[in-house]
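If you use our numbering, the sequence shown corresponds to residues 5 to 252, in order. Even glycine gets a Cβ: it sits at the ideal position worked out from N, Cα and C. Remember, it's a predicted structure, so these values are computed and weren't measured experimentally. Structure first, then comments.
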Amino acid sequence: MPALPAPPVRIDADLMQTLCDALADVVFFVKDEAGRYTHANLTLVRRLGLKRREDVIGRGVEDVFPARLAARYAQQDRRVLEGGTIEDQLEVHLYPNRRPGWCLTGKRPLPLAGGRRGLIGLSRDLGAPDGRDPTFERLGRVVAHMQAHYAEPLRVAALAQLAGLSVAQLERHFQRVFQLSPQQSLIKLRIEAAMRELCGEARIAEVGLACGFTDQSAFARQFKATVGMTPRDYRALHRDEGWPGGAR
């Protein structure tokens, strides 16, 4: 008689929290059905500018983030608490006295006792590209082209041709080397440019067009999905002294 498969091993949140405490480029958190933190690794605590885990546990995003950021994070949490999932969403985290940092975020519903539902989440900082990869030089040509022409319409098929690869190959190699798809890389370039421009005096519609977005509505949607607030709110927040933020 063949051996029965071993039952799945469940790792509890306390252990995950402890394991993730040692990861400086990973933010880990668990929230209850009301969106309050029940677990937070020390990376999250430090990025919030706090000293102790106890300063986060039991609190909601509205307690640890500015209102403009908290509203977006709470909306995202509600989506997951209603049963949705977030997979590798490219986002900007805003840190105290630091430049914005890019990460990939995932959130999933988490069954709790008594039929309740919380959520578990993890955000991983984007690392440096893998320069040892054999396709790095080819992909570098594509990235240079994107950096020079991000304000123009760019098709993935044309980028693949520039690298001498099929679209599927380009997608696969980009993911391996940059941890992003070509589309995500282009979004990243455009949003970075927009954040720089929003520090100036140009009208928001002009910023969007200058950074490759077809209209102000498309710009506002993508900016909010990536940064967590509208371009107008980002401009206002950037002008405030000592504004905090971070992964949540």
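When beta bridges are read from the DSSP output, Ser127 appears opposite Val31 and Thr109. Close CB contacts of Gly64 within its chain, under the 6 Å cut and outside five residues either way in sequence, are with Gly39 and Arg40 (chain order). Thr22: member of the alpha helix (DSSP H) spanning Ala17 to Asp25, first to last residue. In the three-state reduction of the DSSP assignment, Gln183 falls in the coil class, being assigned neither a helical nor a strand state. The straight-line gap separating the alpha-carbon atoms of Pro70 and His149 is approximately 37 Å.
In terms of Cβ geometry, Asp92 and Leu116 do not form a close pair [threshold 8 Å]. Across the structure, Arg225 and Ile195 are spaced so that their CA atoms are roughly 11 Å apart. A Cβ-Cβ distance of about 18 Å is found for the pair Asp137 and Val171, leaving them out of contact under the 8 Å criterion.
Counted as a single uninterrupted DSSP element, the beta strand (DSSP E) harbouring Val96 occupies residues Ile90 to His97. For Thr139, no beta strand (DSSP E) encloses it, and the DSSP letter there is neither H nor E.
Counting every other CB atom within 10 Å of its CB across the protein chains shown gives Glu95 a total of 16 or more, marking it as buried. Taking the C-beta atoms as reference points, Pro157 is found no nearer than 8 Å to Leu202.
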